[in-house]
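Okay, so here's the structure we're looking at.
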Amino acid sequence: MLAERQAGNGVGDAASPWDVARVREDFPVLAQTVNGKPLVYLDNAASSQVPQVVIDRGSRYLQEEHSNIHRGVHYLSQRATTAYEGAREKVRRFINARESRECIFVRGCTEGINLVMHGYGRKFVAAGDEIIVSAMEHHANIVPWQMLCEEKGATLRVIPMNDAGELLLDEYEALLNERTKLVCVMHVSNALGTINPIKEIVARAHKQGVPVLVDGAQGAPHLTIDVQDLDADFYIISGHKMFAPTGSGVVYGKAELLERMNPFLGGGDMIRTVTFEKTTYAGLPNKFEAGTPAIASQIGLGAAIDYLNSLDRRAAHAYEHELLAYATEKLTAIEGVRIIGTAREKVGALSFVIEDVHPHDVGTILDQEGIAVRAGHHCAQPVMKRFNIPATARASFAFYNTKEEIDTLASAVQKVIEVFS
Ligand code: C6P
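Using my numbering, you'd call the opening residue of the sequence shown number 73 and step up by one each time.
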């Protein structure tokens, strides 16, 4: 049941009213027509939209502050550095990390997971070791670990899931052993919408002394994240899925782990001293931020966090749950539609297939109606294989979507069925 929420999953229970019409005014992109119809943007799991305040913050940086950080004594460089480091502190508070140096800026979740693979995995994983991932992972949380296993002669183990798209925790427990070096699990599934019981997953791994990486790409936009409460060792975020520009993202890592890791990229700004004989590295977080970073994007992420903090986030989360429940009810009622992913704990994404219609055709017809959904395997091919389907159509929601938009989606899905019948 969507209403039955697990303790510690970060979903709000607030019942305070959500003024969606007001919130929509913050997102200029939503007020347009596509193919002559009002845009219905239901592809938020791929990239969410950006509010005007974030756009304005990016413009102000480019108009008044654009400069390189950490390098100049001049006025602009200092302003840019202050804004960039200010964004890091905003991230720290947003996820409740102990220290801002535990928040490493990266371009997104894919880069973040690769950073941990190179920095932690290549140093601490050896032949015969095991890494555990789950059956519902995005390719970004499979492929880097597979590459590492191939390089080191280690083995990838997979936590299976049931037909609803829920991980089997007893099977997970049975996979943990003295060879396990890392557990890598997503917080929320982009393909199924499942909210995984991360606190429990972390606790079971820690009992065996195994660190846990959480792919938070779909968790951070919909749940309240407290990395200390979850006790996650790494928590990875993509900014463009939480109302910030592309090119922004974060690797949270516990300081003691980050300090023991190797750097990822080598170059400027991540060093203390360089000679041809030897380089010594800077402290956290600079050790992991070689070269000029995406300054404008990360400042934008800081502005997106300010924006989120200006909202009643418990009400936003509750409203998103309401949308998902409403959409589930509407689509389930249509004959020929099957929902893929029926976990008790879900947020954000609703995947579905229509009998005898390829999801790409669904996506194309919906687009003609001005509705943006994603059709495909969602970079989760093993999930498609598990459910024995080539692909799904996926509607994914944000707090600016409306029940009227879901009605439009349901009518368009009905139309698709008529076209193909
Ligand atoms: N999922 C989707 O439409 P990047 O692309 O690096 O910002 O994020 C990768 C990523 C990692 N983990 C999860 C759970 C994700 O959902 C994504 C991105 C998008 O579902 C694009 S494939």
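We put the CB at the ideal spot given by N, CA and C, even for glycine.
If you're wondering where the values come from, they're calculated on a predicted model, not measured in any experiment.
Residue i Cβ short of 6 Å to ligand 1 heavy atom set
i: Thr181; result: Before going on, a small fix: residue 181 reads as Cys here, not Thr. It does: the Cβ of Cys181 is within 6 Å (strictly closer) of some heavy atom of ligand 1.
i: Asn262; result: yes
i: Cys451; result: yes
i: Gln218; result: no
i: Asp235; result: no
i: Met258; result: yes
i: His190; result: no
i: Gln290; result: yes
i: His210; result: yes
i: Ala117; result: yes
i: Ser310; result: yes
i: Asp439; result: no
i: Asp128; result: no
i: Asp201; result: no
i: Asp287; result: yes
Rounded straight-line distance, which links the Cα of residue j to that of residue i
i: Lys475; j: Pro357; result: 43 Å
i: Met73; j: Arg416; result: Because the pLDDT at Met73 is just 32, under 50, the model does not fix this residue reliably, and the value given afterwards should be weighed accordingly. The alpha-carbon atoms of Met73 and Arg416 are separated by roughly 5 Å.
i: Gln440; j: Lys253; result: 48 Å
i: Tyr324; j: Ala169; result: 8 Å
i: Ile489; j: Ala387; result: 35 Å
i: Glu76; j: Tyr353; result: Residue placement at Glu76 cannot be trusted, given a pLDDT of 32 that sits under 50; what the coordinates show is reported in the next sentence. C-alpha separation (whole angstroms): 48 Å.
i: Ala103; j: Tyr307; result: 34 Å
i: Ala152; j: Gly144; result: 10 Å
i: Phe492; j: His430; result: 10 Å
i: Glu427; j: Ala117; result: 24 Å
i: Ala405; j: Tyr472; result: 24 Å
i: Ala467; j: Trp217; result: 29 Å
i: Ala463; j: Gly372; result: 33 Å
i: Ile129; j: Arg251; result: The question names Ile, yet the displayed sequence has Arg at residue 129. The straight-line gap from Cα to Cα measures roughly 48 Å.
i: Glu223; j: Leu247; result: 22 Å
i: Ala79; j: Asp301; result: Because the pLDDT at Ala79 is just 34, under 50, the model does not fix this residue reliably, and the point stays unresolved.
i: Pro100; j: Gln121; result: 9 Å
i: Glu272; j: Leu264; result: 20 Å
i: Val434; j: Val106; result: 16 Å
i: Ala199; j: Pro89; result: 55 Å
Range of the contiguous alpha helix (DSSP H) that encloses residue i
i: Lys457; result: Gln453 to Arg458
i: Ser483; result: Lys475 to Phe492
i: Ala152; result: Tyr147 to Ile167
i: Asp287; result: Note, Asp287: premise wrong, no alpha helix (DSSP H); beta strand (DSSP E) at Val284 to Asp287.
i: Thr266; result: No alpha helix (DSSP H) holds Thr266; DSSP gives it neither H nor E.
i: Lys418; result: Counting along the chain, Lys418 falls outside any alpha helix (DSSP H), and DSSP gives it neither H nor E.
i: Met520; result: With the chain running from 73 to 493 in the structure shown, residue 520 is simply not present.
i: Pro123; result: From DSSP, Pro123 is part of no alpha helix (DSSP H); its letter is neither H nor E.
i: Ile461; result: That residue, Ile461, is in no alpha helix (DSSP H); it is neither H nor E in DSSP.
i: Trp90; result: Element bounds for Trp90: n/a, residue is neither H nor E.
i: Gln440; result: Pro431 to Gln440
Segment limits, beta strand (DSSP E) that includes residue i
i: Ile204; result: Glu202 to Ser206
i: Ile231; result: Thr227 to Ile231
i: Arg179; result: From DSSP, Arg179 is part of no beta strand (DSSP E); its letter is neither H nor E.
i: Lys50; result: No information on residue 50 is available, as it lies outside the stretch 73 to 493 that the chain covers here.
i: Ser423; result: Ala421 to Ile426
i: Ala465; result: Thr464 to Ser468
i: Arg446; result: Arg446 to Gly448
i: Ile412; result: Val409 to Ile412
Test: residue i CB closer than 7 Å to a CB of chain B
i: Val485; result: Although the question refers to chain B, the structure presented lacks it and comprises just one protein chain.
Length at least 3, wholly inside the stretch 296 to 372: the beta strand (DSSP E) runs in chain order: Runs found: 306 to 310, 321 to 325, 343 to 346 and 351 to 353.
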